[in-house]
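Undergrad: Residue numbering for the sequence shown follows UniProt numbering, starting at 1 and increasing by one per position.
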Amino acid sequence: MEISEFQKLMYDLYAHNDKRRGGPATTLWLVEEVGELAEAIRRNDMENLREELADCFAWIGALANLYDIDLEKAFLEKYPLVCPTCRKNPCICTD
Numbered sequence: 001m002e003i004s005e006f007q008k009l010m011y012d013l014y015a016h017n018d019k020r021r022g023g024p025a026t027t028l029w030l031v032e033e034v035g036e037l038a039e040a041i042r043r044n045d046m047e048n049l050r051e052e053l054a055d056c057f058a059w060i061g062a063l064a065n066l067y068d069i070d071l072e073k074a075f076l077e078k079y080p081l082v083c084p085t086c087r088k089n090p091c092i093c094t095d
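#1: What separation, rounded to the nearest whole angstrom, lies between the Cα atoms of N44 and A62?
#2: Indicate whether at least one CB of chain B lies closer than 8 Å to the CB of R21.
#3: Can you give me the C-alpha to C-alpha distance between L13 and M1, rounded to a whole angstrom?
#4: Let's see if you can read the secondary structure: which residues bound the alpha helix (DSSP H) around P24?
#5: If you count every other CB in all the chains shown that lies within 10 Å of the CB of T26, and 16 or more means buried, which is it?
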């Protein structure tokens, strides 16, 4: 699945709820999912980790849709197949 296909799927499934909820409240849902992701990592719960990563990705898609941001384009602008800091692939940054 391409990023644009994922984003469209999130729009088709949830945009009506996301628009009603708005950006700030949708951000809070993302933050809650990031907390659950951190807890899965802390517990080394690999099954839950997969679910929480997917949940975080879904909420990022929701926010991108709310603010009319093309995630695929934004990602490639920020990460143009090289590290945005050292401009190398693979990255040679020390941190």
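Each residue gets a CB set at the ideal place from its N, CA and C atoms; glycine is no exception.
TA: According to the data block:
#1: Rounded to whole angstroms, the gap between the alpha carbons of N44 and A62 is 27 Å.
#2: The structure shown contains no chain B; it holds only a single protein chain.
#3: 16 Å
#4: G23 to R43
#5: buried
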